[in-house]
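In what follows, a single structure is set out as structure tokens and then discussed.
Below is the structure:
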């Protein structure tokens with residue numbers, strides 16, 4: 293079998309642009325992947341085209357070799373654009389292998405540890421511009437069956453936080469805890485915005501409400517700062533969605549920077565590298581909670597990995613509804629009672645309709661629109 297073509301599709305969806313990749317083979321089997329890289333969608337799409345020049349004519353079964361050679365030959369070193377493009381192609385190649393052999397990808401990774409994985413809801417908070425409104429939205433999420441939810445309560449705070457801002461954050465967290473009770477997990481998103489002493493100040497204030505974790509309390513590339521927070525924080529520290537390589541995760545683990553790892557398979561090298569990152573974390577007794585905020589294809593790949601590793605903890609899921617999503621994908625992965633079942637369809641178990649994808653072309657969307665559609 294040989295690779296004959298690789299195409300990328302940028303699909304605008306609400307406050308995002310999703311980037312999907314399809315790899316074609318001379319036996320008619322295609323594979324799909326995702327590399328949705330916020331605000332760099334056109335750049336990563338171009339990077340996929342550059343990979344195509346090397347990959348056409350190669351054997352899609354050689355995932356390890358192809359990833360290694362493409363990564364090694366990037367003279368200027370790894371960055372999010374390269375690793376994201378490689379991630380999507382890698383997912384697609386694993387998809388082809390699974391389809392060709394008639395098995396789910398998790399079987400090729402060693403088989404299943406679990407039949408389903410717990411999910412936490414994200415993007416449920418649009419319109420929650422007061423603690424009371426946010427609490428009502430949280431109650432709706434609970435009625436949908438979720439037992440965990442994440443949001444960023446900080447918005448405009450940067451580096452430090454004023455007493456008034458911190459009171460507002462605490463009011464949000466208290467309102468949610470009062471609304472959902474103590475059996476629902478609340479996950480706090482920091483988006484890397486604080487310095488260490490401010491992150492610790494926030495963690496101390498929020499600790500009575502028992503957050504599940506504090507995500508990216510400091511800049512993710514500053515492992516030393518993150519380790520300082522983790523050493524004293526009463527809340528577990530999570531990070532990793534913006535780390536591009538297994539070397540990043542190794543350095544973070546060696547620095548003692550994380551309690552919970554959050555690799556994003558759209559960015560960190562796809563399934564090939566995701567499995568290695570999970571193994572590094574397993575050796576350090578660190579659970580893996582994959583970041584997974586965009587379209588269904590990245591989620592499908594993440595499910596395959598989560599099925600096959602012993603240290604999968606919880607998976608992120610975007611609850612925002614997009615009407616035409618049902619027409620774009622031939623399969624929907626949706627949580628039931630807070631869990632997603634891991635199916636047994638061959639490959640990643642999903643495909644997308646190219647004609648539908650082309651109906652929703654790229655839109656210029658800022659990062660602020662992506663992260664904060666509604667200002668708190």
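In my numbering, the protein residues as written are 293 to 668.
Using N, Cα and C, we set each Cβ at its ideal position, and we do this for glycine too.
With at least 16 other beta carbons inside 10 angstroms of its own, residue 386 counts as buried.
Annotated as distal: residue 321 and residue 654, with beta-carbon spacing of 7 Å or more. Taking a C-beta distance under 7 Å as the contact criterion, residue 638 and residue 405 do not qualify as a contact pair. Leaving aside the five residues that flank residue 299 on each side, the residues in its chain whose CB is nearer than 6 Å to its CB run, in chain order, 314. Counting C-beta atoms within 10 angstroms of its own C-beta, residue 540 has 16 or more neighbours from the protein chains shown and is therefore classed as buried. Annotation for residue 599: 398, 404, 405, 406 and 634 place their beta carbon closer than 7 Å to its own, counting only its chain and skipping 5 residues before and after. In this model, residue 346 and residue 559 are separated by some 20 Å (Cα to Cα). In the DSSP annotation of this structure, the continuous segment of the alpha helix (DSSP H) that includes residue 431 starts and ends at 423–435.
Of the residues assessed, residue 477 falls on the buried side of the cut-off, its CB having 16 or more other CB atoms within 10 angstroms. Membership of residue 383 in any beta strand (DSSP E) is not indicated; the residue belongs instead to the alpha helix (DSSP H) covering 372–393. Counting the other CB atoms within 10 Å of its CB gives residue 482 a total of 16 or more, which places it among the buried residues. Its chain contains 427, 430 and 431 as the residues whose beta carbon lies nearer than 7 Å to that of residue 471, once the 5 sequence neighbours on both sides are disregarded; these appear in chain order.
Excluding its 5 nearest sequence neighbours in each direction, residue 371 has C-beta neighbours in its own chain below 8 Å: 536, listed in chain order.
The C-alpha of residue 590 lies about 11 Å from the C-alpha of residue 625. Here residue 563 is near residue 597, since their CB atoms are less than 7 Å apart. For residue 345, no beta strand (DSSP E) segment is defined; the enclosing uninterrupted segment is the alpha helix (DSSP H) at 333–347. Listed as beta-bridge partners of residue 414 by DSSP are 610.
The shortest C-alpha to C-alpha distance from residue 630 to any of 648, 611, 497 and 645 is the one to 611. Residue 377 is a Cβ neighbour of residue 336, given a cutoff of 7 Å. Residue pairing of residue 503 in beta bridges, as defined by DSSP: absent, with no partner found.
For residue 583, the closest C-alpha among the options 449, 557 and 565 is that of 557. Comparing C-alpha distances from residue 366 to each of 456, 452, 380 and 342 shows the shortest one belongs to 342. For residue 478, the enclosing beta strand (DSSP E) starts and ends at 477–481. Under the criterion of beta carbons closer than 8 Å, residue 652 and residue 414 do not qualify as touching, at roughly 21 Å. Taken in chain order, the unbroken stretches of alpha helix (DSSP H) that lie wholly in the segment 615–657 and span 4 residues or more are 617–620 and 646–650. Closest in alpha carbon position to residue 353, among 294, 436, 339 and 605, is 294. For residue 539, no beta strand (DSSP E) segment is defined; the enclosing uninterrupted segment is the alpha helix (DSSP H) at 538–547. Taking all protein chains in view, the Cβ of residue 316 is crowded by 16 or more other Cβ atoms within 10 Å, so the residue is classified as buried. In this structure, residue 409 sits away from residue 640, with a CB-CB distance that is not shorter than 7 Å.
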